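Reminder that position 19 of the sequence shown reads as 4 in the working numbering, one-by-one numbering, no gaps.
We put the CB at the ideal spot given by N, CA and C, even for glycine.
Since the structure is predicted, the reported quantities are computational estimates derived from the model, not experimental observations.
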Amino acid sequence: MIMCFFNAYIKIKILIISGSPRPRENTKIALDEMVKIFDQEDIESEIEHVGNKDIRGCIACISCKARLGHCVFDDCVNAIDDQKFEEADGLVVGTPDYYGSANATLVAFLYNTSFDKNDEGWNFMAIFGKKLSLDSFFCITDSYSEMIY
């Protein structure tokens, strides 16, 4: 919780996305440490594991915005995006570094959540306006740059 200028407490929610296909290894250990710190500061947090899920890559059909309001592929992207992205004040993304890049499943997840419907159209990012922390383990500079952009 954070105290604002009029002595009221604001509850903060952090959504943590784990891109590791191994839910009990190094990425999970590091993200669990973050959860401990968030708990000490009375910040609500939740870890979602996507690295071992079956997530289809974006095919740029635009059905998520033009017709359906969600991705045409019925996977965990729709459930997490609809229920949790909007409620989160911040986002932490953790991933191991595989062959100089993030886990391909995590990349597909991030691509599929990069659109959000608004009144002006469909080219608006779901994570726009949120605080973001990107944590990669054993990462080289080029792959870190790739994940940021």
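Original post:
How long is the line joining the alpha carbons of Ile25 and Met19, rounded to whole angstroms?
Top reply: Looking at the sequence provided, one finds Gln at residue 25 rather than Ile. If I take the Cα positions, the gap works out to 10 Å.
Subject >> Boundaries of the beta strand (DSSP E) in which Lys13 is found, first to last residue >> reply: First-last for Lys13: 11 to 25, but that is the alpha helix (DSSP H), not the beta strand (DSSP E).
Original post:
Taking DSSP as the reference, what is the three-state secondary structure of Lys69?
Top reply: helix
Original post:
Taking one C-beta from the segment 4 to 11 and one from the segment 44 to 62 each time, how about it: are there three or more such pairs within less than 8 Å?
Top reply: no
Original post:
First and last residue of the alpha helix (DSSP H) that includes Tyr96?
Top reply: 89 to 97
Subject >> Close-in-space but distant-in-sequence residues of the same chain around Cys141 (CB under 7 Å, 5 per side omitted) >> reply: The question about residue 141 has no answer, for the chain in this structure spans -14 to 134.
Subject >> Coarse secondary structure for Ser30, derived from DSSP in three states >> reply: strand
Subject >> Neighbourhood of Thr80 by C-beta, 7 Å cutoff - its chain only, sequence neighbours within 5 removed >> reply: Gly4, Ser5, Thr12, Ala87, Asn88, Leu91, Ser121
Subject >> Beta-carbon proximity of Cys43 to Tyr96, cut-off 8 Å >> reply: yes
Subject >> Cβ neighbours of Phe58 in the same chain (closer than 7 Å, five flanking residues each side left out) >> reply: Arg41
Original post:
Thinking C-alpha only, which one of Asp74, Phe94, Ala93 is nearest Glu31?
Top reply: Asp74
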